[in-house]
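Each residue of the sequence shown is one higher than the last, beginning at -8 in our numbering.
Report on the structure given below.
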Amino acid sequence: MAIPRQRIRLPQGAWRSAFMSLLRGDLWEGSQIEEFERDFASYISVEDAVTVPSGRAGFRFLFDSLGIEPGGEVICSAFGYPVVPFIVKSMGYDLKFVDCEMDTLGMDPKLLAQVCSDRTQAVIATHLYGVPCQIEEIADICASHNVKLIEDCAHCYGASLGSKKVGSFGAAGCFSFETSKVINTMGGGMVTLSDAEAGKRLRQFAAQEPHNNFKWLARRLSRTSFEAAVTNPLLFNMGVYQMLRLASSKAGEEDRFASGYQGDEVSLAGKMGRYTNYQARLGLRQVKTIERRNLRRTSNAERLIRQLDGKIPLQKPQSTENGSYANFMLVTVLASKLKQLAAALLSKGIDTKHLYMRDCSRMFDGEKAFPNAARAEREVLHLPAFPEMSDSQIDRVASAVSDAIVEVGLQADAD
Ligand SMILES: Cc1ncc(COP(=O)(O)O)c(C=O)c1O
């Protein structure tokens, strides 16, 4: 049986909950929103948490809520999700990039220290694929310049460094609940805030959003059901895998199956509209079982990483005195011959994911090159290690990757 790159699940009881909420009349508004926000704030250990229409909408509301003045300098990691710097730029801020480092793939604090100045108003540090970036060092630099630190925690629900959860290191943290994320409420997001006043302002912005409608609900439910179907291992093996193989045999077509950011995703279209009570109910249900799922996800990832360590470069959490916890939303390797490795793995029944994050600097006509971000965009490949996989499936992925490294001639990458 072939293994899909990721397993997207329809949130438990999604259709039934929609129907029941419709009957009860609490689809759009109700007490679940407040309960979800309260639980979330207490779990991350922050003053406040506010539900938002999407992760990207959260960023947009945040800049106004934190009082970041138009024209002010905002620094992003060059390697990340392009929508975030696009929002920064579209709001009239002076956008600057800092390169990533190659262990966590997050912003390099040493390079940040060279760029951060008294002109800087905010730094956005992204924790990629469930692995915390070097956030303690980044937070120290921000504090020494009195700069607001915003964490992009879209992938990182539950990840921590020492006793602190990501989303609690700076002024704010932005989480996404899109379908491929650790908490999936078929869209939406949460912003965590260390200052209660900023939380109040953000809540006012979020409350100005118009309510969603039934068409939106039907679209979200059917799209998520479709994603769940094509990544369901059984259905994946009954057509999707064969289609991927066919496409990969045609030169130049494989990027159609790159998963993640597409050029037309820059906009906020379809990503606005007030977060619903129905979604909060789905979220509350998931946070009850998330620790168990995250543990399984992490143990699968660690089992795979243990077997590949030394054979191929891997994204790795920072080793700190107080320890760190990565949720490993995705397991990430770097391959100089990415396409060949992906094709070799696909022929062995292992589907992979690539081109999710980008070297964002290239999209803004920047003159400066960011070599690590450019390399990460070219080489990052995600292997399947989702919680539903068994130990023997993980071992199969490890052995397929080990064989493919030799077949493709990637042994030198590990040095
Ligand atoms: C790192 C990162 N930041 C922000 C976002 C935006 O989140 P949303 O799609 O909920 O707007 C994403 C979405 O995938 C992401 O991967």
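Each residue gets a CB set at the ideal place from its N, CA and C atoms; glycine is no exception.
message: Bridge partners for M181 per DSSP, in chain order?
response: As a first step, residue 181 is located in the sequence shown; it is residue number 190 there, counting from the start. Bridge partners of M181: T42 and F166.
query: Among residues of its own chain, excluding the 5 on either side of A405, which ones have a beta-carbon nearer than 7 angstroms to its beta-carbon?
result: The residue you call residue 405 lines up with position 414 of the sequence shown. Answer for A405: G301, K302, I303 and P304, listed in chain order.
- prompt: For L103 versus I141, is the C-beta spacing smaller than 8 angstroms?
  reply: Here residue 103 refers to the residue found at position 112 when the sequence shown is read from its first residue. Here residue 141 refers to the residue found at position 150 when the sequence shown is read from its first residue. The Cβ-Cβ distance between L103 and I141 does not fall below 8 angstroms.
message: Tell me whether the segment -6 to 3 and the segment 119 to 133 touch, counting them as touching only if at least three CB pairs, one residue from each stretch, are closer than 8 angstroms.
response: Because the criterion of three Cβ pairs below 8 angstroms is not met, the segment -6 to 3 and the segment 119 to 133 do not touch.
task: For M93, name the three-state secondary structure that DSSP assigns.
output: Indexing the sequence shown from 1 puts residue 93 at position 102. In the structure shown, M93 sits in coil (DSSP, three-state: anything other than H, G, I, E or B).
task: Confirm, please, whether the CB-CB distance from H136 to D99 is below 8 angstroms.
output: Along the sequence shown, read from residue 1 onward, the residue named residue 99 stands at position 108. Along the sequence shown, read from residue 1 onward, the residue named residue 136 stands at position 145. Contact annotation: D99 and H136 have beta-carbon atoms that are not nearer than 8 angstroms.
- request: With DSSP collapsed to three states, give me the class of Q112.
  value: Here residue 112 corresponds to residue number 121 of the sequence shown, with the count starting at 1. Q112 falls in the strand class under three-state DSSP.
- prompt: Between which two residues does the alpha helix (DSSP H) harbouring S216 extend?
  reply: One-based indexing of the sequence shown puts residue 216 at position 225. Taken as a continuous stretch (DSSP letters only), the alpha helix (DSSP H) holding S216 covers F205 to V221.
message: Are there any heavy atoms of ligand 1 lying less than 7 angstroms away from the beta-carbon of V74, as far as the coordinates show?
response: Within the sequence shown, the letter at position 83 stands for residue 74. V74: yes, Cβ under 7 angstroms from ligand 1.
query: Which whole-angstrom value is the C-beta distance of C91 and F70, which I expect to be below 8 angstroms?
result: To locate residue 91, count along the sequence shown from 1; it is residue 100. To locate residue 70, count along the sequence shown from 1; it is residue 79. Confirmed, Cβ separation roughly 4 angstroms.
- prompt: Do the segment 4 to 24 and the segment 142 to 160 touch if we need at least three Cβ pairs shorter than 8 angstroms?
  reply: no
E200 (DSSP reduced to helix, strand or coil): As a working mapping, residue 200 is identified with position 209 in the sequence shown. It is coil, neither helix nor strand.
- prompt: Can you tell me where the alpha helix (DSSP H) with S240 in it begins and where it stops?
  reply: Within the sequence shown, residue 240 is the residue found at index 249, counting from 1. Looking at the DSSP string, the run of the alpha helix (DSSP H) that includes S240 is Y232 to S240.
- prompt: Using the C-alpha atoms, what's the distance from T176 back to I281?
  reply: Looking up residue 281 in the sequence shown gives position 290. Looking up residue 176 in the sequence shown gives position 185. When rounded, the distance between both Cα atoms is 13 angstroms.
query: Does DSSP classify I296 as helix, strand or coil?
result: Within the sequence shown, the letter at position 305 stands for residue 296. Of the three classes helix, strand and coil, the one that applies to I296 here is helix, per DSSP.
message: Just list the residues that DSSP pairs M98 with in beta bridges.
response: Within the sequence shown, the letter at position 107 stands for residue 98. For M98, which the question treats as bridged, DSSP gives the partners C91.
Own chain, CB closer than 7 angstroms to R294, minus 5 neighbours either side, in chain order: Here residue 294 refers to the residue found at position 303 of the sequence shown. Closer than 7 angstroms at Cβ, skipping near neighbours: D382 and I385.
field: I(-1): first and last residue of the uninterrupted alpha helix (DSSP H) it sits in
entry: Within the sequence shown, numbered from 1, the residue matching residue -1 stands at position 8. Run containing I(-1): none; DSSP gives neither H nor E here.
- prompt: Between L372 and A333, is the Cβ-Cβ spacing less than 8 angstroms?
  reply: For the purposes of this step, residue 372 is taken as residue 381 along the sequence shown, with counting starting at 1. For the purposes of this step, residue 333 is taken as residue 342 along the sequence shown, with counting starting at 1. Yes, they are a contact pair.
message: For the pair the segment 185 to 203 and the segment 55 to 73, tell me if three or more CB-CB distances fall below 8 angstroms.
response: yes
- request: Taking only heavy atoms of ligand 1 into account, decide whether any of them is closer than 7 angstroms to the Cβ of S167.
  value: Translated into positions along the sequence shown, residue 167 becomes position 176. It does: the Cβ of S167 is within 7 angstroms (strictly closer) of some heavy atom of ligand 1.
query: Under 7 angstroms from any heavy atom of ligand 1, does the C-beta of T117 make it?
result: By 1-based counting over the sequence shown, the position of residue 117 is 126. Under cutoff, so the answer is yes.
message: Using only the alpha-carbon positions, how far apart do R192 and A48 sit?
response: Sequence index remark: in the sequence shown, residue 192 carries index 201 (1-based). Sequence index remark: in the sequence shown, residue 48 carries index 57 (1-based). Here the C-alpha atom of R192 lies approximately 14 angstroms from the C-alpha atom of A48.
query: Buried or exposed: where does T311 fall if 16 or more other Cβ atoms within 10 Å of its Cβ makes it buried?
result: Looking up residue 311 in the sequence shown gives position 320. T311 should be labelled exposed.
query: Since G71 sits in a beta bridge, which residues does DSSP pair it with?
result: For the purposes of this step, residue 71 is taken as residue 80 along the sequence shown, with counting starting at 1. Residue pairing by DSSP places G71 opposite R349 in a beta bridge.
field: A198 versus R265 - alpha carbon distance
entry: As a first step, residue 198 is located in the sequence shown; it is residue number 207 there, counting from the start. As a first step, residue 265 is located in the sequence shown; it is residue number 274 there, counting from the start. Their Cα atoms are separated by approximately 7 angstroms.
query: Can you find at least 3 beta carbon pairs, one from the segment 355 to 371 and one from the segment 306 to 325, that sit closer than 8 angstroms?
result: yes
message: Just to confirm my understanding: we take N291, look at its own chain, exclude 5 residues before and 5 after, and list those with CB closer than 6 angstroms. What are they?
response: Along the sequence shown, one-based indexing puts residue 291 at 300. Excluding positions up to five away in sequence, the list reads A376, M380 and I385.
query: Should the segment 17 to 36 be called in touch with the segment 270 to 281, which here means at least 3 C-beta pairs below 8 angstroms?
result: yes
field: Sheet register partners of T323 (DSSP bridge)
entry: On the sequence shown, residue 323 is found 332 positions in, with the first residue counted as 1. Paired residue(s): H373.
task: Quick one: grab the DSSP three-state call for I174.
output: If you number the sequence shown from 1, residue 174 lands on position 183. Here I174 sits in coil by DSSP.
query: Taking 7 angstroms as the cut-off, is the CB of D143 close to at least one heavy atom of ligand 3?
result: Absence of ligand 3 from the depicted structure is noted, with ligand 1 being the only ligands included.
query: Residue range of the beta strand (DSSP E) that L140 falls in?
result: For the purposes of this step, residue 140 is taken as residue 149 along the sequence shown, with counting starting at 1. L140 -> beta strand (DSSP E) spans K139 to D143.
query: If we count the other Cβ atoms within 10 Å of its Cβ and call it buried at 16 or more, is G178 buried or exposed?
result: Here residue 178 corresponds to residue number 187 of the sequence shown, with the count starting at 1. The residue in question, G178, is buried, as its Cβ has 16 or more Cβ neighbours within 10 Å.
message: Let me make sure I understand the geometry here. Which of G16, L286, R236 and G274 has the alpha-carbon closest to that of A(-7)?
response: As a working mapping, residue -7 is identified with position 2 in the sequence shown. If we check each option's Cα against that of A(-7), R236 comes out closest.
task: Tell me whether L418 is buried or exposed, calling it buried when 16 or more other Cβ atoms sit within 10 Å of its Cβ.
output: A query on residue 418 cannot be resolved here, the shown segment of the chain reaching from -8 to 406 and no further.
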